[in-house]
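Student: Chains as they are written, first to last, in this note's numbering: chain A, 55 to 391; chain B, 55 to 391. The beta-carbon is built from N, C-alpha and C at its ideal position, and this holds for glycine as well. No experiment lies behind these values; they were computed from the predicted model shown.
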DNA sequence: TTGTACGCGTTATCAG
DNA sequence: CTGATAACGCGTACAA
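1) Rounding to the nearest angstrom, what Cα-Cα distance links residue 59 (chain B) and residue 225 (chain A) in this structure?
2) Any Cβ of chain B within less than 7 Å of the Cβ of residue 111 (chain A)?
3) So, does the CB of residue 61 (chain B) fall closer than 7 Å to a CB anywhere in chain A?
4) Which residue marks the beginning of the beta strand (DSSP E) containing residue 130 (chain B), and which one marks its end?
5) Closer than 7 Å by beta-carbon distance: list the chain B residues that pair up with residue 144 (chain A), in chain order.
6) List the residues of chain B whose Cβ lies closer than 8 Å to the Cβ of residue 177 (chain A), in chain order.
7) Please identify the residue among B:386, B:105, B:279 whose C-alpha is closest to the C-alpha of residue 260 (chain B).
8) Evaluate contact between the segment 62-72 of chain B and the segment 98-107 of chain B, counting only Cβ atoms and requiring at least three cross-stretch pairs below 8 Å.
9) Could one say the Cβ of residue 291 (chain B) lies closer than 7 Å to chain A's Cβ atoms, at least one of them?
10) Whole angstroms is fine: what's the gap from residue 52 (chain A)'s alpha carbon to residue 305 (chain A)'s?
11) Under a CB-based cut-off of 7 Å, is residue 188 (chain B) close to chain A?
12) With DSSP run on the structure shown, which of helix, strand or coil describes residue 336 (chain B)?
13) Tell me whether residue 277 (chain A) sits in a helix, a strand or coil according to DSSP, three-state version.
14) Under 8 Å: do the segment 95-103 of chain B and the segment 151-161 of chain B share three or more Cβ pairs, one atom per stretch?
15) Would you tell me roughly how many angstroms separate the C-alpha atoms of residue 126 (chain B) and residue 206 (chain B), rounded to the nearest one?
16) Residue 349 (chain A) by DSSP, collapsed to three states: which one?
17) What's the gap between the Cα of residue 336 (chain A) and the Cα of residue 93 (chain B)?
18) How many whole angstroms separate the CB atoms of residue 178 (chain B) and residue 232 (chain B), which I take to be in contact at a CB cut-off of 8 Å?
19) Starting from the Cα of residue 283 (chain A), find the closest Cα among A:83, A:88, A:141, A:131 and give me that residue.
20) For residue 331 (chain B), does the three-state DSSP call read helix, strand or coil?
21) In chain order, what residues of the same chain have a beta carbon less than 7 Å from the beta carbon of residue 69 (chain B), not counting five sequence neighbours either side?
22) Express the C-alpha separation of residue 363 (chain A) and residue 386 (chain B) in angstroms, rounding to a whole number.
23) What are the start and end residues of the beta strand (DSSP E) that includes residue 384 (chain A)?
24) So, are the CB atoms of residue 321 (chain A) and residue 352 (chain A) less than 7 Å apart?
25) So for residue 216 (chain A), helix, strand or coil by DSSP?
26) Using the Cα positions of residue 327 (chain A) and residue 262 (chain A), report the straight-line distance between them to the nearest angstrom.
27) I want to see whether chain A comes within less than 7 Å of residue 117 (chain B), judged by CB atoms only; does it?
28) Going by other Cβ atoms of all chains shown within 10 Å of its Cβ, with 16 needed for buried, is residue 120 (chain A) buried or exposed?
29) Taking only beta-carbon atoms, is residue 362 (chain B) less than 7 Å away from chain A?
30) In its own chain, which residues sit with a C-beta less than 8 Å from the C-beta of residue 181 (chain B), not counting the 5 before and 5 after it?
31) State yes or no: is the C-beta of residue 287 (chain A) within less than 7 Å of the C-beta of residue 333 (chain A)?
32) What residues from chain B crowd round residue 321 (chain A), counting only those whose CB sits closer than 8 Å?
33) Any idea which residues DSSP pairs residue 160 (chain A) with across the strands?
34) Compute the Euclidean distance between the alpha carbons of residue 350 (chain A) and residue 302 (chain B), then round it to the nearest angstrom.
35) Going along the segment 325-344 of chain B in order, which residues come within less than 7 Å of chain A, judged by CB to CB distance?
36) Compare the C-alpha of residue 378 (chain A) against each of A:331, A:223, A:217 and name the closest.
What follows is the structure, given as structure tokens:
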């Protein structure tokens, strides 16, 4: 059994003040790095702070400053991209966290299942727990962002919001990246180009499909849908092979789906890229390890996270930010196409 | 450009009180669900709360209650398991988050690079931002946990801590699981069993190697080391094939490394499982999709997260908790062994 | 059952 | 440049 360490009394400003023989105000000034305090007093105070191990009480501080220096990242719980082996979620967190650390802010992670859980998020933000909110891939007609904005809480979305509300967001050039992939396939002489599209209630799924369609330039579309997962990619590929046995290329809206497609193609006896060229999206870790190594559209996941945090920080500073903060994608050519 | 929503004044207890025609104390009691308040007054107050959209100010509240209802999860930044396609980190988060939500607590995620960043964590916890701390895979002689305990902050570790300090922790039966895998291989007639071990500065790496060694029962060990990643698994497999061409089985300390090994074996012309049997660890999503599907030792990642949170909550409630909270593993047999 | 009044630990204002 | 002192918003003994 382990005991709860002996809860030594936390020293207060008051205690530091009397220890140093100055007023609380002076201690506060030293702690907050004010210029206007005599060097010798500052030294004395700093020593007392050191000796007593003083740490400012955040609750008291934010009660008066009206800030918490904490920002929330709200994540929709049952999101297939989050608990799969798609490192998208960890990547975003990594970026966000790096940016917030540099700014001295803390990250509060909130998993929000759905409707009723949304009320919790609202109350949480409204209660002043955090200074602002980052929203992860908002689905359809979610009222959450609008509510938050109405409450006066700065909000930035990761991924273009689908509804009407004009919220600032950061996103990758999904449509452009997809279009580039398809154009590349055409430039290599492929003519029967299919796509494995993502879910059409996610903006990434929609935009990448649009990119595919736009780059087709009149050629007949060939579409199957997946859920961004490997299994769904395999299933979609099987479907495509059945309906269009003569296809010679596939653009999948995620690397995981592309990997699933690769397996199905192998199983069906098609050679990649000789018979069928395959391009994925993400530049997931698995892309380089796929068989054959996967040509794909890289999106800068970590930068997406950084941008998300940065835009929110700017909002907090009272700056205006552009509604759309788009990050470029890049075609990474390996062996599958 | 997007404006910062008009910051409507947040209603206070005071305002609700005067709106309802009662004292602040009564409002406070209603809000906190006290029994001792007349039904009709409660109704009136609740209406006022509704009308005004009152939400308690968390800073003020925790200033007096000395609690924040927030718990921190501290994650070592440059951890290969976190930003790879190993869903270990997301899985833990999922479990932790589910448990905390049920308890009405919030999750604060802290990425802690190392030394200097540790000071930040200490100050953060000491500042009363959170009521307790969950520590992710503590490396070697990290002084952080001891410091936190000294500060009187409840701490629980994910993964057995390597140092001397006796901290409560939750972990999977790494050693037992590894031993079971090796025993299974032996029972299937394999005699030259190698292992691809994980990093020996991580408890998971150490324990799984020990499990392998213990189950060998005198047979000569055959060891190569990896970093839990696919690439390192391939490299380690190559090494093993060079030093022990006659091996007939491999136990890898992670599915990712096992997958890497599978590729290397294929490349070397060895058939799996005919020539060489392979077992991994984790039951990562990729295991089922490996070629051939990977026999592996499943660890209940999400339960690990839940247990982590649960133990901390118990500590917070003043209960004593056992130092070691171990979760069982399970051998999942597929085709690779 | 209800209200009064005090204190939680800081920051900010305003004299000195 | 320094020190009183007033908020900040809430929970809770204590009194009524």
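Tutor: Per the coordinate set shown:
1) Taking the first residue of the second chain as 1, we reach residue 59 (chain B) at position 5. Taking the first residue of the first chain as 1, we reach residue 225 (chain A) at position 171. Residue confidence for residue 59 (chain B) is low, a pLDDT of 39 falling below 50, so the modelled location carries little weight; the figure read from the coordinates is stated next. One C-alpha to the other measures close to 22 Å.
2) Sequence index remark: in the first chain, residue 111 (chain A) carries index 57 (1-based). Residue 111 (chain A) counts as touching chain B.
3) As a first step, residue 61 (chain B) is located in the second chain; it is residue number 7 there, counting from the start. With a pLDDT of 47 at residue 61 (chain B), under the threshold of 50, the modelled position of this residue cannot be trusted; read the value that follows with caution. Taking CB atoms only, residue 61 (chain B) has a neighbour in chain A less than 7 Å away.
4) Counting from one through the second chain, the residue named residue 130 (chain B) turns up at place 76. From DSSP, the beta strand (DSSP E) with residue 130 (chain B) extends over 124-130.
5) Along the first chain, read from residue 1 onward, the residue named residue 144 (chain A) stands at position 90. What residue 144 (chain A) touches in chain B: 136, 137, 143, 144.
6) For this step, residue 177 (chain A) is matched to residue 123 along the first chain. Simply 109.
7) Position 206 of the second chain, counting from 1, holds the residue named residue 260 (chain B). For residue 260 (chain B), the nearest C-alpha among the options comes from B:279.
8) yes
9) The residue labelled residue 291 (chain B) in the question sits at position 237 within the second chain. So no, residue 291 (chain B) is outside the interface.
10) In the structure as shown, chain A starts at 55 and stops at 391, and residue 52 (chain A) therefore has no counterpart that could be examined.
11) Counted from its first residue, the second chain places residue 188 (chain B) at position 134. No, residue 188 (chain B) does not count as interfacial toward chain A.
12) Sequence index remark: in the second chain, residue 336 (chain B) carries index 282 (1-based). Reduced to three states, the DSSP call for residue 336 (chain B) is strand.
13) Taking the first residue of the first chain as position 1, residue 277 (chain A) is located at position 223. Correct three-state label for residue 277 (chain A): strand.
14) no
15) Here residue 126 (chain B) corresponds to residue number 72 of the second chain, with the count starting at 1. Here residue 206 (chain B) corresponds to residue number 152 of the second chain, with the count starting at 1. Cα to Cα, the separation comes out at about 15 Å.
16) Locating residue 349 (chain A) in the first chain gives position 295, where the first residue counts as 1. Reduced to three states, the DSSP call for residue 349 (chain A) is strand.
17) Taking the first chain and counting its residues from 1, one reaches residue 336 (chain A) at position 282. Taking the second chain and counting its residues from 1, one reaches residue 93 (chain B) at position 39. Going by the C-alpha atoms only, they are around 58 Å apart.
18) Along the second chain, read from residue 1 onward, the residue named residue 178 (chain B) stands at position 124. Along the second chain, read from residue 1 onward, the residue named residue 232 (chain B) stands at position 178. No, residue 178 (chain B) and residue 232 (chain B) are not in contact; Cβ-Cβ is about 36 Å, not under 8 Å.
19) Start at 1 with the first residue of the first chain, and residue 283 (chain A) comes out as number 229. Checked all of A:83, A:88, A:141, A:131; the closest Cα to residue 283 (chain A) is A:141.
20) Taking the first residue of the second chain as position 1, residue 331 (chain B) is located at position 277. Three-state DSSP puts residue 331 (chain B) in a strand.
21) Taking the second chain and counting its residues from 1, one reaches residue 69 (chain B) at position 15. Taken in chain order, the residues that qualify are 106.
22) In the second chain, counting from the first residue as 1, residue 386 (chain B) sits at position 332. In the first chain, counting from the first residue as 1, residue 363 (chain A) sits at position 309. Roughly 41 Å separates the two Cα atoms.
23) Here residue 384 (chain A) corresponds to residue number 330 of the first chain, with the count starting at 1. Where residue 384 (chain A) is concerned, the enclosing beta strand (DSSP E) stretches over 384-386.
24) Within the first chain, numbered from 1, the residue matching residue 321 (chain A) stands at position 267. Within the first chain, numbered from 1, the residue matching residue 352 (chain A) stands at position 298. Taking 7 Å as the Cβ cut-off, residue 321 (chain A) and residue 352 (chain A) do not qualify as a contacting pair.
25) As a working mapping, residue 216 (chain A) is identified with position 162 in the first chain. Here residue 216 (chain A) sits in coil by DSSP.
26) The sequence position of residue 327 (chain A) within the first chain is 273, counting from 1. The sequence position of residue 262 (chain A) within the first chain is 208, counting from 1. Between residue 327 (chain A) and residue 262 (chain A), the C-alpha separation is close to 22 Å.
27) The sequence position of residue 117 (chain B) within the second chain is 63, counting from 1. Closer than 7 Å: yes.
28) What you label residue 120 (chain A) is simply residue 66 of the first chain in a count that begins at 1. Classification of residue 120 (chain A): exposed, given that the 10 Å Cβ count is below 16.
29) For the purposes of this step, residue 362 (chain B) is taken as residue 308 along the second chain, with counting starting at 1. Not an interface residue.
30) For the purposes of this step, residue 181 (chain B) is identified with residue 127 of the second chain, where counting begins at 1. There are no such residues.
31) As a position in the first chain, residue 287 (chain A) is number 233, starting the count at 1. As a position in the first chain, residue 333 (chain A) is number 279, starting the count at 1. No, they are not a contact pair.
32) As a working note, residue 321 (chain A) is residue 267 in the first chain. Chain B residues near residue 321 (chain A): none, gap ~10 Å exceeds 8 Å.
33) Within the first chain, numbered from 1, the residue matching residue 160 (chain A) stands at position 106. Paired residues: A:124.
34) In the first chain, the residue the question calls residue 350 (chain A) occupies position 296. In the second chain, the residue the question calls residue 302 (chain B) occupies position 248. Their Cα atoms are separated by approximately 36 Å.
35) 338, 339, 340, 343
36) Counting from 1 along the first chain, the entry for residue 378 (chain A) is found at position 324. Per the Cα distances, A:223.
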